[in-house]
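Student: Residue numbers (the working numbering), protein chains in the order written: chain A, 46 to 535; chain B, 5 to 229; chain C, 33 to 294.
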Amino acid sequence: MQPSCSSFKQQAAQALRDPKLQGAFGKLGDGLQARRAAAVGQLPEFEALREDARRIKRRVMSDLDTWLEQFEQKVLGQGGHIHWASTADDAREAILAICQRVGAKTVTKGKSMVTEELGLNDYLVDQGITPVETDLGEYILQLRREAPSHIVMPAVHLAQDDIERTFVESHPQLPPDRDLSTAESLVAEARQELREHFFKADVGITGANFMIAETGSTVIVTNEGNGDLTQTLARVHVVVTTIERVIPTLEDLSTFLRLLPRSATGQEATAYVTLSSGPKREGDMHGPEEFHVVVLDNGRSELLGSENQDILNCIRCGACMNHCPVYGAVGGHAYGWVYPGPLGAALTPALIGVEKSAALPNASTFCGQCVAVCPVKIPLTDIMRRWRVREHGKKMTSPLARAGLSAWAWLASRPALYRKFTGLAAWGMALCGGRRRRLSRMPLAGGWTRYRDFPAPEGETFHAQLAQLKKRAAKTGAEGLRHEQGGAHE
Amino acid sequence: MSKGGRMSKARERIFAAIRRNKKPLADAPVAGEGGARADTIPTHTIPVRTQLTAEALCAEFEHRLSAASASVEWVESASGIPAAVWRHLSDQQRRTQCFANGSAAELGWASVPELDIRSGAGDADSPVCITSAFRGIAETGSLVLLSAPGHSSASYFLPELLIVTLSRRDILATQEAVWADLRRRPEDMPRTVTLVTGPSRTGDIEQKIVLGAHGPRQVHVLLVN
Amino acid sequence: MELGGKLEVGRSRRVALYVTCLVDVMRPSVGFAAIKLLEDAGCEVVVPEHQTCCGQPAYNAGGEAEAKALAKQVVETFEPFDAVVAPSGSCAGMIRDHYPKLLAAEPEWRDRATGLASRTYELTSFLVDVMGMESVEADYQGAVCYHDSCAGLRELNIKQQPRKLLRSVRGVEVREMDDAEVCCGFGGLFCVKYADISNQMVSRKMDNIEASGADTLLAGDLGCLLNMAGKLTRQGSRVKVRHVAEVLAGMTDLPAIGEGEV
Ligand code: SF4
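1. Using the three-state DSSP reduction, which class does Asp110/A fall into: helix, strand or coil?
2. Under a three-way DSSP split, which group does Cys412/A fall into?
3. What are the uninterrupted segments assigned as alpha helix (DSSP H) that are 4 or more residues long and contained completely in the segment 373-430 of chain A, given in chain order?
4. Could you tell me the distance, in whole angstroms, from the CA atom of Trp493/A to the CA atom of Val224/C?
5. At a cut-off of 6 Å, would you count Cys216/C as near the ligand PLP, judging by its Cβ distance to the nearest heavy atom?
6. Measuring CA to CA, which of Lys422/A, Ser299/A and Asp75/A is closest to Thr178/B?
7. Which residues does DSSP pair with Arg202/C in a beta bridge?
8. Who pairs with Ile250/A in a beta bridge, going by DSSP?
9. In this structure, does DSSP put Asp285/C in helix, strand or coil?
10. Assign Ala228/A to one of two classes, buried (16 or more other C-beta atoms within 10 Å of its C-beta) or exposed (fewer than that).
11. For Pro176/A, which residues does DSSP report across the bridge?
12. Flag this pair as yes or no: are the beta carbons of Glu436/A and Ala395/A separated by less than 7 Å?
13. Could you check where the beta strand (DSSP E) with Thr211/A kicks off and where it finishes?
14. Roughly how far, in whole angstroms, is the beta-carbon of Ala200/A from the beta-carbon of Leu188/A, given that I think they are within contact range, below 8 Å?
15. Could you tell me which chain A residues have their CB closer than 9 Å to the CB of Gln101/B, listed as they occur along the chain?
16. Can you pull the chain C neighbours of His508/A, defined as C-beta to C-beta under 9 Å?
17. Considering only DSSP beta bridges, list what Gly504/A is partnered with.
18. Tell me, please, which residues DSSP counts as bridged to Glu77/B.
19. Under 8 Å by Cβ, that's how I've got Val234/C and Leu198/C pegged, so tell me the actual separation to the nearest angstrom.
20. Report the option in Val47/C, Ser157/C, Leu135/C and Leu286/C whose CA atom is closest to the CA atom of Ser87/C.
21. I need the boundaries of the beta strand (DSSP E) containing Ala48/C, first residue and last residue.
22. Around the Cβ of Ser122/C, are there at least 16 other Cβ atoms within 10 angstroms (buried) or fewer (exposed)?
23. CB-CB under 6 Å to Thr54/B, same chain, minus the five flanking residues each way: which ones, in chain order?
24. Please name the residues in the segment 284-301 of chain A whose beta-carbon is closer than 9 Å to at least one beta-carbon of chain B, in chain order.
25. So which residues of chain C does Pro394/A contact, with C-beta pairs closer than 9 Å?
26. Report the three-state DSSP secondary structure of Ser49/A (helix, strand or coil).
27. Check each residue of the segment 73-95 of chain A: if its Cβ is closer than 8 Å to any Cβ of chain C, include it; give the result in chain order.
28. Please find out if some non-hydrogen atom of the ligand SF4 comes closer than 6 Å to the beta-carbon of Leu388/A.
29. Count the other C-beta atoms from every protein chain shown that fall within 10 angstroms of the C-beta of Val52/B, then say buried if there are 16 or more, exposed otherwise.
30. By Cβ distance below 8 Å, which residues in the same chain neighbour Ala99/C in space, the five residues on each side in sequence not counted?
31. To the nearest angstrom, how far is the alpha carbon of Leu203/A from that of Asp95/B?
32. Examine the ligand SF4 and report whether any of its heavy atoms sits within less than 6 Å of the Cβ of Cys359/A.
33. To the nearest angstrom, how far is the alpha carbon of Asp31/B from that of Ile101/A?
34. Kindly indicate which residue of Ser115/B, Asp120/B, Leu226/B and Gly106/B has the alpha-carbon position closest to the one of Asp329/A.
35. Could you check what DSSP says for His218/B in three-state terms: helix, strand or coil?
36. Taking the straight line between their C-alpha atoms, what separation do you get for Arg10/B and Glu162/A?
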């Protein structure tokens, strides 16, 4: 997928002007946020579990190679295959090679953000293979040729009538006057349409929420059941995942399963959690004849040991975006690449370079709500801030901004001069404010005054007023002004 | 370069980068953490609500099942299952073929001759499927379904109505207890282990919850005393 | 959270007031209100002369070197006091939460910063959590709603403290608005750099403020207050905006923030 993160501002402005998008994302508060709050409120151990999860992840990262090797051994021992992919190219080629070897015409797909990272669908189409997205949201987006705007709810930006129209246009074989006015009828139609694809598919591709080193299993955590149909009914099952998804044991899985659904959708448990270990066995009625795991790095190993390592702990629950007021204002597409919201702002610069994505870590007020809800306690704002440091260090910010910043720091380290400057500024702004005591326009702050007034200051600074009070008190010999203004030492 | 050669190159590159970059745990070791081996199981938090008496366990399981929009019914013994299935089916479902697998296939279906039960390599796409669960988890109201000879793992996801039988003594408190039971079995890890918690669902259309996305619209559990 | 011990009866405490840049320039009366409240609580208040900016604007803009220099200046200036109190969750949070991280690579400075961090407080949290203040002596006629500024709420756990004191003000009715904990869109330079997004955020805030039926909006951070006041006056709203310290100190003779004669 070609990133367009550097156009974040324009994309955001466009989203802000779109009333439909505003309506869709405005619903996050009553929807996903409220559901999460209720589910978390019912589990007193939620905080302890977050800490457990963070520790499990830290332990894994400190020995990632060991866990991956153990996973690999187990997969091979169960008759599965493993394909290591250093880059997106490696991964695409590995997947294509499997598809070509088995003569695949159609490929069903469960929801997988990693395959979005690979731009896999377009790639397969170019090679003459038809991918069919089977997750309802992803299916709708494939029909509309759109990218997901959320990592858990890919079509959250769409309104029901958009989907209705898409189905009418995309399913011309069905009676045009059929009733599609309810969400239920749309879901039923998609179910009907996709059913035969599951049986026809040569290859089924899914992601993995986790890989378990102990058992060599890949795990999907889902609600619709399409992921399971994809991996059970196709002749060949290909799991596409990334190196940081490995966890040691089944018990560790349980810890994450107590956190993930609550954080993602406010469920105690999702409808399905499936652990897959290897291909079909003797006596099995269903199951794939081949089981492949493609494990992608794509820049992640370089995060390991870095100050931004913790972003590798992400379990892709989406809570950070559901609770982000910036994401809630502009939606997912504005971010311009696979991972939107605070997760994207922290992760994207590592994967595609800060040069192409500096706008993302800057587009945050650092309100910290994402950190407060992240089930694995990733310090998302600290990571975003470090990308800003990187950007500043590489002199990628505007010269004016850099000069302003140094001038301010220079001034602030000279208190006497600083007092003069602030005194003048306060006086000047108060003067401009006049009797309205506010400014409607201000140099260098057009962004502010385009939308709001700038309240004028009182006139004299605090420090100036305090100095005068002191002087007056000294003259009259008055007692009571104990707050001396003086050096730190008496 | 051959594909295989390229892949082992990629493997080398990834592992070299990991070994170069990884940092040992800076924190003091987490309590109960043995070593960096999968067979040492760290202590971890288990919700207090799972500490239940045998009686309460069943009640909690039922409660969570219904919270997950599944329905439950008790039957006195396995021989009562066919009649219970018949009672649960709608008129329309009674007219269709039902697919039974696992130990559910071996029940005395002849006691309800009106039922059209297929087993073995029957049609996994039937609108009604009856299967047996390995365990139940009271904490979440989840059914643990395994792939095994005689089980069609696809049939857990294909029908409109999934009926699952479970014996009372197989209701456990937590996932952890299920993992322990799985390890105790002489066999390997099953090819698939699926935790099913209620019917299939989606929230992809305006965050509205709709049941029966791709999988069963209804899950009915028959608990055998 | 560790907040230090309660004040021993009869023992005064030397508290340094960190006025903050915004209060110094934009709203000095908040500084005087803070002094009054601290003195009422039995503290001896000192205003160190060398104080300027805590470095947060530079820190958040990626100017790490500049931020470090200013952080060291603040550590030096405020180190000698029993406690540092700021009428701002954002500036107090910068010292408490971020200085130790910012100076982590220089052990001596890190330790000094950690020491200072453990003695630094936002005003209402200091009054309630450290000084054990239960009520204030003040009057204010009106229905107020309190916006939880992000840093105060999530870095310093400030939620009940200002509300507790506000409820003791004669004539005040405390109303809760929806989404009081959601960011107002200020975010320092964010509101200028991403003006469109910031505007949408503050607009949603306006709806919640108006819907609460309160006639006065309060908060503990001047940045947020200026942002919301500017939006309210631009929209012609009648809601008045003040720093919570003004109301708690009974110093509300001055016009509200952005409130003009015409
Ligand atoms: S960063 Fe945290 S909150 Fe965001 S998706 Fe990842 S795990 Fe979830």
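Glycine included, every Cβ here is placed at the ideal spot set by N, Cα and C.
Quantities reported herein were computed from a predicted structural model and do not represent experimental measurements.
Tutor: Well, looking at it:
1. Reduced to three states, the DSSP call for Asp110/A is helix.
2. Taken through DSSP and simplified to helix, strand or coil, Cys412/A comes out as coil.
3. Those alpha helix (DSSP H) runs which fall completely within the segment 373-430 of chain A and span 4+ residues are 386-397, 399-402, 404-407 and 414-418.
4. Across the structure, Trp493/A and Val224/C are spaced so that their CA atoms are roughly 5 Å apart.
5. For the structure depicted, the ligand PLP is absent and the ligand set comprises only the ligand SF4.
6. Put simply, of Lys422/A, Ser299/A and Asp75/A the residue whose alpha carbon is nearest the alpha carbon of Thr178/B is Ser299/A.
7. Paired residues: Asp171/C.
8. According to DSSP, Ile250/A shares a beta bridge with Lys154/A and Val283/A.
9. Correct three-state label for Asp285/C: coil.
10. Residue environment for Ala228/A: buried (at least 16 other C-beta atoms within 10 angstroms of its C-beta).
11. Per DSSP, the beta bridge partners of Pro176/A are Val152/A.
12. Result no, Cβ atoms of Glu436/A and Ala395/A do not sit closer than 7 Å.
13. Going by DSSP, Thr211/A is part of no beta strand (DSSP E) but of the alpha helix (DSSP H) stretching over Gln205 to Ser215.
14. Contact flag wrong, Cβ pair sits at about 10 Å.
15. Per Cβ cutoff of 9 Å: no residues; Gln101/B is ~16 Å from chain A at best.
16. Here the neighbours are Val51, Asp56, Pro60, Gly63, Val79, Glu81 and Gln83.
17. In the DSSP output, where bridge partners are listed per residue, Gly504/A has none listed.
18. Its beta-bridge partners are Leu226/B.
19. So it is not a contact: roughly 23 Å between Cβ atoms.
20. Looking at the sequence shown, residue 87/C is not Ser but Gly. For Gly87/C, the nearest C-alpha among the options comes from Leu135/C.
21. Note, Ala48/C: beta strand (DSSP E), Arg45 to Leu49.
22. Burial is judged here by how many other beta carbons sit within 10 angstroms of a residue's own beta carbon; Ser122/C has at least 16 and is buried.
23. Within the same chain, Thr54/B has close Cβ partners Glu143, Ala177 and Thr178.
24. From the segment 284-301 of chain A, only Ile288, Pro293, Thr294, Leu295, Glu296, Asp297, Leu298, Ser299 and Thr300 have a Cβ closer than 9 Å to chain B.
25. In chain order: nothing, as chain C lies at least about 12 Å away.
26. Residue state, collapsed to three classes: coil.
27. For the segment 73-95 of chain A, the set of positions with a beta-carbon nearer than 8 Å to some beta-carbon of chain C reads Gly74 in chain order.
28. Checking the Cβ of Leu388/A against the ligand SF4 gives yes.
29. So Val52/B counts as exposed.
30. If we look at Ala99/C and ignore the five residues flanking it on each side, its Cβ neighbours are Gly87, Gln88, Ala90, Tyr91 and Leu134.
31. When only Cα atoms are considered, Leu203/A and Asp95/B end up about 38 Å apart.
32. For the ligand SF4, at least one heavy atom lies less than 6 Å from the Cβ of Cys359/A.
33. In this predicted model, Asp31/B has a pLDDT of only 46, less than 50, meaning its place in the structure is not dependable enough to derive any value.
34. Ranking Ser115/B, Asp120/B, Leu226/B and Gly106/B by Cα distance to Asp329/A puts Gly106/B first.
35. The answer is coil: DSSP assigns His218/B none of H, G, I, E or B.
36. Arg10/B and Glu162/A have their alpha carbons spaced roughly 21 Å apart.
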